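Notes for the one structure printed next.
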Amino acid sequence: MVLEMAADGLAERAALGPLEHAMTFAELGHRARRAGSVLAELPGDRVVLIDENSPAVPIGLFGAAIAAKPYVPVSYRLADDRLRAIVARVAPAIVIAGAGAADRVSGIDGLWVLDRQELLARVDDPSVPERDGWGCDPDAPAVLLFTSGTTGDPKAAVLRHRNLAAYVVSTVEFGAAHQDECAIVSVPPYHVAAIAAVLSNTYGGRRVVQLEAFDPERWVRLVRAEAVTHAMVVPTMLGRILDVIEGDGLGLPSLRSLSYGGGPMPQSVVERALQVLGHVDLVNAYGLTETSSTIALLGPDDHRVAAASDEPAVRRRLGSVGRAVPGVEVSIRDPSGRPLPPGTEGEIWVRGEQVSGEYVGAVTTDRDGWFHTNDAGFLDDDGYLFVRGRLDDVIVRGGENLSPGEIEAVLLDHEAVEAAAVVGIPDPEWGEKVVAAVVLVPGASVSEEELRQFVLAQLRSARTPERITFLDELPFNENGKLLRRVLRDQLAAEFAG
Amino acid sequence: MAELKPGARLRSVTCTTEVVVVRATGEVDLRCGGQPMVEMAETSGPSGEPAPGFDGGTQLGKRYASQEAGLEVLCTKAGAGSLSVGEALLDVQGTKPLPASD
Chain R
-17 MVLEMAADGL
-7 AERAALGPLE
3 HAMTFAELGH
13 RARRAGSVLA
23 ELPGDRVVLI
33 DENSPAVPIG
43 LFGAAIAAKP
53 YVPVSYRLAD
63 DRLRAIVARV
73 APAIVIAGAG
83 AADRVSGIDG
93 LWVLDRQELL
103 ARVDDPSVPE
113 RDGWGCDPDA
123 PAVLLFTSGT
133 TGDPKAAVLR
143 HRNLAAYVVS
153 TVEFGAAHQD
163 ECAIVSVPPY
173 HVAAIAAVLS
183 NTYGGRRVVQ
193 LEAFDPERWV
203 RLVRAEAVTH
213 AMVVPTMLGR
223 ILDVIEGDGL
233 GLPSLRSLSY
243 GGGPMPQSVV
253 ERALQVLGHV
263 DLVNAYGLTE
273 TSSTIALLGP
283 DDHRVAAASD
293 EPAVRRRLGS
303 VGRAVPGVEV
313 SIRDPSGRPL
323 PPGTEGEIWV
333 RGEQVSGEYV
343 GAVTTDRDGW
353 FHTNDAGFLD
363 DDGYLFVRGR
373 LDDVIVRGGE
383 NLSPGEIEAV
393 LLDHEAVEAA
403 AVVGIPDPEW
413 GEKVVAAVVL
423 VPGASVSEEE
433 LRQFVLAQLR
443 SARTPERITF
453 LDELPFNENG
463 KLLRRVLRDQ
473 LAAEFAG
Chain L
201 MAELKPGARL
211 RSVTCTTEVV
221 VVRATGEVDL
231 RCGGQPMVEM
241 AETSGPSGEP
251 APGFDGGTQL
261 GKRYASQEAG
271 LEVLCTKAGA
281 GSLSVGEALL
291 DVQGTKPLPA
301 SD
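These protein sequences, in sequence, are chains R and L.
Heads up: the first sequence runs through residues -17 to 479, numbered per my numbering.
Heads up: the second sequence runs through residues 201 to 302, numbered per my numbering.
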């Protein structure tokens, strides 16, 4: 539906690629419908994509919808055995394979591998029939996304057509993008933000340029070359991009809107972005895979008002994820499900038409339609949501619940600290004690005791790490999530006794 | 009168308008150009022009709603007729101005 409306109403507008030879929405429509025929005809119940960003992403996403087969983008960064395990779970399936991907899944039963370049060539061919673009059932699964767990098998979140359509229709005005707007997509295709970007930009009528894989220098160059107006980054990208811009002093004059999300963003980076890119509207978008992307937004005015304010309650909103988007309700609950008042931390629950909360094999919205995010947080008096990290990372010390996110935020405020992770390790007296691993800014130095005093000055003693270790890097999994369990084991061994 | 479900697709018999139901409660007499809208699969039915007063036209991508009837539809194909529940014309819904995110 999204594509058909764009192909119909926005036909001649540039949809994809550099301005000199962009594909129009009408052309994208033709290619997606041809992809729909190709994919419908091949055996396989699902369409897997293992690749970097390319036109095969929107064509694959829409083509799979037209073929009425769920689209399953999978991370090419996974270790071979993890990749094979995931692909085997969704077989029988067609696999749209980028360079090297075909070899990595060879030998798995029930796969029909289609090389990405071959798919793109086939859909260019006008003699390939076009399948009707309107056929899909709103209740059918549109996308399956594997969400990372730090232990155990990843779960496959199910996003149905009606979840995605509800999200797009309620947050984007059809065709409202101006002709000179251009979005850069550099998040990998297996990220929920990439799905949302294809749908929102198509429905809004905005041209997209793709960066195959993220590199800060290439990102900056592409933004300047294509006069990109809209960009979306995950937190680890923004600091590196700012380094490049501050390095050459040339700025990003075309950029109007920069949104970020996907993980906690250090407030210091936000403040740096506000200074270096003062003309740019910053947007913090909070969402989960299970919620078809954004459920709360901290908008450009919110950023500016907070940054300019002397009132602590307003200023601290720079560290919030903003207010719920239209159509979504947010509620903070205690462990027994009772609603908590503003200012009190609990579990974040969300409800709304775009909220799927569904995994293959399990529906996890409760009877009233609430999805329990497993994120900890609180709302302030004006409805601004503060996220404090995953619930299961909560440290319990002497019967008191401590959220690592709060302590990590303070450590990150120290100018010598580049990255920080706080975990609880077993302690005979307290149950758990708080310890931290810190990565220093290159060239900077600070002692463990200085850092402890720094934290103590801002938080009570219970929240001050008892020990801090310095590492070259923190352990992450392939999806960029911090491996707290690994860190916990490591620090428990280091600080034993 | 018809029971409408979100996701249902309907078309006008007096013009080219097509809509998809976004929100609906119970039975609704949804019309375009003064005549009841039909399911996409339906090929029979009167054709003709939108009736006077119901000929303002629809626009692709706009949402139209009736608060009383608990109905909201999205226009997926534009046409010459106007949408109504019975004789009451539907209102165009503006989107809430959201900062660009994706």
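All C-beta atoms, glycine included, are put in the ideal place defined by N, C-alpha and C.
As the structure is a prediction and not an experimental result, all values here were calculated from the model.
May I ask you to report which of helix, strand or coil DSSP gives R:A(-11)? Three-state DSSP puts R:A(-11) in a helix.
Partner residues on chain L for R:V151, Cβ-Cβ distance less than 8 Å: What R:V151 touches in chain L: V222, R263, L274.
Straight-line Cα distance separating R:G187 from L:L271: 26 Å
So, with DSSP's three-state summary, where would you put R:D283? helix
Other residues of its chain near L:R209: CB distance less than 6 Å, five sequence neighbours each side excluded: V220, M240
Rounded to the nearest angstrom, how far is the Cβ of R:A401 from that of R:L456, given a contact under 8 Å? 6 Å
R:E112 and L:T276: beta carbons closer than 9 Å? no
With a 10 Å radius around its C-beta and 16 neighbouring C-beta atoms as the bar for buried, classify R:T133 as buried or exposed. In this prediction, R:T133 scores a pLDDT of 47, lower than 50, which makes its location untrustworthy; the coordinate-derived value is nonetheless stated afterwards. Around the CB of R:T133, fewer than 16 other CB atoms lie within 10 Å, so the residue is classed as exposed.
Buried or exposed for L:V292, going by 16 or more other Cβ atoms inside 10 Å? So L:V292 counts as exposed.
Neighbourhood of R:D97 by C-beta, 6 Å cutoff - its chain only, sequence neighbours within 5 removed: A79, listed in sequence order.
Identify the contact partners of L:G207 in chain R, using a Cβ-Cβ distance below 7 Å as the criterion. P120, R144
Using a Cβ-Cβ cut-off of 7 Å (strictly less than) and excluding sequence neighbours within five positions of R:D91, which residues of its own chain qualify? A73
Run through DSSP, which three-state label would R:N35 get? coil
Does the structure place the segment 5 to 22 of chain R close enough to the segment 35 to 44 of chain R that three or more beta carbon pairs sit under 8 Å? Touching, yes.
How would you list, in chain order, the residues of chain R whose beta-carbon sits under 8 Å from the beta-carbon of L:L260? M(-13), D(-10), G(-9), F156, G157
Against R:M(-17), what residues of chain L qualify as contacts under a CB-to-CB distance less than 7 Å, listed in chain order? Annotation: Cβ neighbours of R:M(-17) in chain L (cutoff 7 Å, chain order): V220, T276.
Which whole-angstrom value is the C-beta distance of L:E203 and L:E227, which I expect to be below 8 Å? Confirmed, about 5 Å.
What does the alpha-carbon distance come out to for the pair R:V87 and R:Y58? 11 Å
Could you pull the DSSP bridge partners for R:N266 from this structure? R:Y242, R:L280
What residue range is occupied by the uninterrupted beta strand (DSSP E) comprising R:F128? 123 to 129
Which of helix, strand or coil DSSP assigns to L:R209: DSSP places L:R209 in strand when its eight states are reduced to three.
Is there contact between the segment 162 to 170 of chain R and the segment 114 to 133 of chain R, where contact requires at least three CB pairs shorter than 8 Å? no
Which runs of the alpha helix (DSSP H) at least 4 residues long sit entirely within the segment 387 to 443 of chain R? Give them in chain order. 430 to 440
Taking CB distances under 9 Å as the criterion, tell me whether L:M237 reaches chain R. no
Report, in whole angstroms, the separation of the C-beta atoms of R:T273 and R:Q192, which I expect to be a contact under 8 Å. Contact flag wrong, Cβ pair sits at about 24 Å.
Please classify R:V445: is it buried, with 16 or more other beta-carbons within 10 angstroms of its beta-carbon, or exposed? Checking the sequence, you will find Arg at residue 445 of chain R rather than Val. Classification for R:R445: buried.
Any beta-carbon of chain A closer than 9 Å to the one on R:Y172? In the displayed structure, chain A is absent; the protein chains listed are R and L.
Of all the options L:G281, L:A288, L:R263, L:R211, which has the alpha carbon lying nearest to the alpha carbon of L:A251? L:G281
Quick check on this structure: which residue in R:V262, R:A148, R:A70 has the alpha carbon closest to the alpha carbon of R:G309? R:A148
Have a look at R:N266 and R:D357 and give me their C-alpha separation to the nearest angstrom. 17 Å
Bounding residues of the beta strand (DSSP E) (the contiguous stretch that carries R:W94): 93 to 97
For R:V490 versus R:V405, is the C-beta spacing smaller than 9 Å? Because chain R is modelled from -17 through 479, residue 490 of chain R falls outside the range shown and cannot be assessed.
Got a sec, what are the start and stop residues for the beta strand (DSSP E) R:R113 sits in? No beta strand (DSSP E) contains R:R113, which DSSP labels as neither H nor E.
Using a C-beta cutoff of 9 Å, does R:Y185 count as contacting chain L? yes
With three or more beta-carbon pairs closer than 8 Å as the criterion, would you say the segment 55 to 71 of chain R touches the segment 212 to 224 of chain R? no
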